[in-house]
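Take 5 as the starting number for the sequence shown in my numbering and just add one per residue.
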Amino acid sequence: MDKQKLAYFKQRLMDEKTDVEQRIQLNYSLEEQMSDSFHEFSMYDNHPADIGTEMFEREKDLALYSLDRETLREIDQALERIEQGTYGVCTVCGEPIPEERLEAFPMAMTCKEHAPAPNINHERPVEEEFLQPPFGRSSLDDRADANFFDGEDAWQIVEKFGTSETPFSFADNRKTDYNEMYIESNEPDGFVEPVEELGYTDITGYHGPDSVQFMRSGLYESYMNRHEGKGNFIDYETYLQERAEGEPDE
């Protein structure tokens, strides 16, 4: 590299170093305690939500400060290579670094072919593995032998009280009833077969027609609204009255 180009890149590096040093001096107040913002001696008694903004700003300052310190180190190394006469030469293959690369990144130590690969973290948080499938290990839907209360059922109970979702948030946006908004809203609740939601007996079991009771459930109301019942299924009270009057069952 000729002296004119070398002087140009040295000046670029010096200007960049001055800018970074000024930024470190003026922009980061790491010596200041977070409690100073609240005019208190300690943040111990503050709720985490109350200090959220200050905590975010402190974490951001620490990250940017660390990045600027790393940039200063790279600039100093580039200036040292200029003094040694090795600036603009790839430290891996020994070939000249293209000026276009130095123009974009004056602190470059290698050519493009030997530039360190970016450190891309492909690891996912361990919580995702724990929570997959939805509701994680607490969901037992995939087990044929598990038809009892699980984590999904717990969420369904909570979700019945309402969420911030609207009918348009669901894949089936034709829903208009907020009682159908929660997951598997049509799933049997407390029974396996639909008939179990309509008729039931007491603890002594079935011992004649008088032992059968009817639950005023959603299935019962739907059944009655479709006028599918006759005789003893018209209405339970009517059924009892007809039996008392001696009318035959249909």
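All C-beta atoms, glycine included, are put in the ideal place defined by N, C-alpha and C.
Spatially closest choice to residue 67 from 129, 97 and 31, by CA coordinates: Position 63 of the sequence shown, counted from the start, is the residue given in the question as residue 67. Checking every option, the nearest Cα to that of residue 67 belongs to 31.
Cβ-based neighbour list, residue 127, same chain, cut-off 7 Å, excluding 5 preceding and 5 following: In the sequence shown, counting from the first residue as 1, residue 127 sits at position 123. None.
Contact check, residue 75 vs residue 96, beta carbons under 8 Å: To locate residue 75, count along the sequence shown from 1; it is residue 71. To locate residue 96, count along the sequence shown from 1; it is residue 92. For residue 75 and residue 96, no; Cβs fall outside 8 Å.
Same chain, Cβ closer than 6 Å to residue 110, five either side skipped, listed in chain order: Residue 110 sits at position 106 when you count from the first residue of the sequence shown. Around residue 110: 13, 16 and 17.
Alpha-carbon spacing of residue 94 relative to residue 136, whole angstroms: Position 90 of the sequence shown, counting from 1, holds the residue named residue 94. Position 132 of the sequence shown, counting from 1, holds the residue named residue 136. A straight line joining the alpha-carbon of residue 94 with that of residue 136 spans about 47 Å.
Closest Cα partner of residue 141 within the set 124, 78 and 155: Sequence index remark: in the sequence shown, residue 141 carries index 137 (1-based). Closest by alpha carbon: 155.
Residue range of the unbroken alpha helix (DSSP H) whose run includes residue 144: Along the sequence shown, one-based indexing puts residue 144 at 140. That residue, residue 144, is in no alpha helix (DSSP H); it is neither H nor E in DSSP.
Nonlocal neighbours in the same chain, by C-beta distance under 7 Å from residue 72, ignoring five residues either side: Within the sequence shown, residue 72 is the residue found at index 68, counting from 1. Same-chain partners within the cutoff: 24, 27 and 28.
Reduced DSSP secondary structure (H/G/I, E/B, other) of residue 6: In the sequence shown, the residue the question calls residue 6 occupies position 2. The answer is coil: DSSP assigns residue 6 none of H, G, I, E or B.
CB-CB length for residue 269 against residue 100, believed under 8 Å: It is not possible to answer for residue 269, since the shown part of the chain is limited to 5 through 254.
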